[in-house]
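This report concerns only the one structure given below.
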Amino acid sequence: MTVLAVVVTIVGWASSFPAIRAGLSAIDPIELGALRFAIAAVPSAIYLMVLRPALPALNELWRFAFGGAVFIALYTVLLNYGEMTVSAGAASFIINVNPIITAVLAMILLGERFPVLAWVGTFLSFAGIGIIALGEGQGLTFNTGALLILGSALCTSLSSIVQKRLYSRHRPLTVSAWNMILGALFLAPALPNGLAQMSVADAEPFWSVIYLGIVPSLIAYASWSVALSRLPASRASNFMYCVPPVAVAIGFFWLGETPGLFGILGGALALAGVVLVNLKR
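Quick note on our numbering: the sequence shown kicks off at 5 and runs consecutively.
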């Protein structure tokens with residue numbers, strides 16, 4: 005069961021990057037996010053209505069709202085706009101520096117120690133992102149889409165810090181369900197236009213939206229919660245290093261995206277830096 009949960013999470017999250025690229029061929033970035041999380045919000049709401057977990061306390065409301073606004077809504081908008089010019093594989097490598105950003109924030113906000121080796125890893129990862137951004141641009145033009153995707157990684161890290169205390173009182177699936185619902189509400193103004201675009205889209209972007217809402221959003225988040233409940237957090241997180249290579253492979257077979265020299269070199273540096281930062285964490 006644990007191995008299956010890990011595999012489902014890796015494949016689900018890795019496949020989200022090419023699925024977003026496919027969806028963006030016919031649907032605008034904000035509208036794509038609104039459609040994706042509207043689909044995920046329906047079963048999430050059913051989960052909350054059936055199981056009726058404890059409601060958020062008053063002092064927890066802002067943490068739940070932060071998850072919906074930042075972890076879901078702002079994250080998906082930045083990622084979708086970034087992927088308009090950045091390939092699926094490159095985007096997955098950039099997102100994967102999230103543990104580094106989280107570690108730096110934990111040092112600043114929670115007083116955690118950040119050794120010299122971790123700073124070396126941080127430098128390597130961000131150098132890798134710079135190389136990816138150059139490789140994704142025209143010639144040697146720096147691709148600003150990479151910065152938008154880096155911003156989405158920052159959203160994930162901030163949410164990890166803000167929502168950490170919720171897990172002492174609420175189950176992971178409950179927190180995830182509220183994130184999906186609140187995120188969908190924040191993106192709801194773009195939903196009517198998204199439905200109009202989806203209704204005239206070709207088969208590939210149409211089914212990509214359905215896939216994004218069900219597999220990477222709903223199923224993968226649930227399987228990740230199962231993995232976290234059965235494995236130490238550090239060990240479970242290490243499996244996420246498999247996401248970028250799998251995303252590159254899916255992007256190649258699905259979209260025909262072949263990583264260039266800059267993409268391979270930058271991705272390797274970004275991944276090596278994340279490993280260094282987490283060696284003793």
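No residue lacks a Cβ here, since even glycine has one placed at the ideal position from N, Cα and C.
(message) Alpha carbons only, please: which of LEU59, GLY198, GLY155 is nearest the one belonging to GLY27?
(response) GLY198
(message) Tell me the residue span of the alpha helix (DSSP H) that contains GLY187.
(response) 176-191
(request) Spatial neighbours of GLY277 within its chain, please: CB distance less than 6 Å, with the 5 preceding and 5 following residues excluded, ordered by chain position. (result) GLY125, LEU128, SER129
(request) Kindly list the residues whose CB is nearer than 7 Å to the CB of ASN102, restricted to its own chain and excluding five residues on each side of it in sequence; keep chain order. (result) ALA157, THR160, SER161
(request) May I ask you to verify whether the stretch 193-209 touches the stretch 39-58, counting CB pairs closer than 8 Å and requiring at least 3? (result) yes
(request) Compute the beta-carbon to beta-carbon distance between PRO60 and ARG175, rounded to the nearest angstrom, for a pair I have assumed lies under 8 Å. (result) Actually they do not touch by this definition, with Cβ atoms about 13 Å apart.
(message) Taking the alpha-carbon of SER91 as reference, which of ALA253, LEU62, GLY115, THR178 has the nearest alpha-carbon?
(response) ALA253
(message) Going by beta-carbon coordinates alone, are VAL247 and ILE98 separated by less than 8 Å?
(response) no
(message) Assuming contact is defined by CB atoms lying nearer than 8 Å, are GLY16 and SER227 in contact in what I supplied?
(response) yes
(request) Take every Cβ of the stretch 31-39, pair it with every Cβ of the stretch 211-218, and state whether three or more of those distances are shorter than 8 Å. (result) yes
(message) For MET136 and ALA200, I'd like the C-alpha separation in whole angstroms.
(response) Note that residue 136 is Ile in the sequence shown, not Met. Roughly 34 Å separates the two Cα atoms.
(message) Given this structure, state the Cα-to-Cα distance separating LEU275 from MET53, to the nearest angstrom.
(response) 40 Å
(message) Taking the straight line between their C-alpha atoms, what separation do you get for VAL7 and VAL219?
(response) 17 Å
(request) Output the boundary residues of the alpha helix (DSSP H) element that contains ASN63. (result) Taken as a continuous stretch (DSSP letters only), ASN63 belongs to no alpha helix (DSSP H), as it is neither H nor E.
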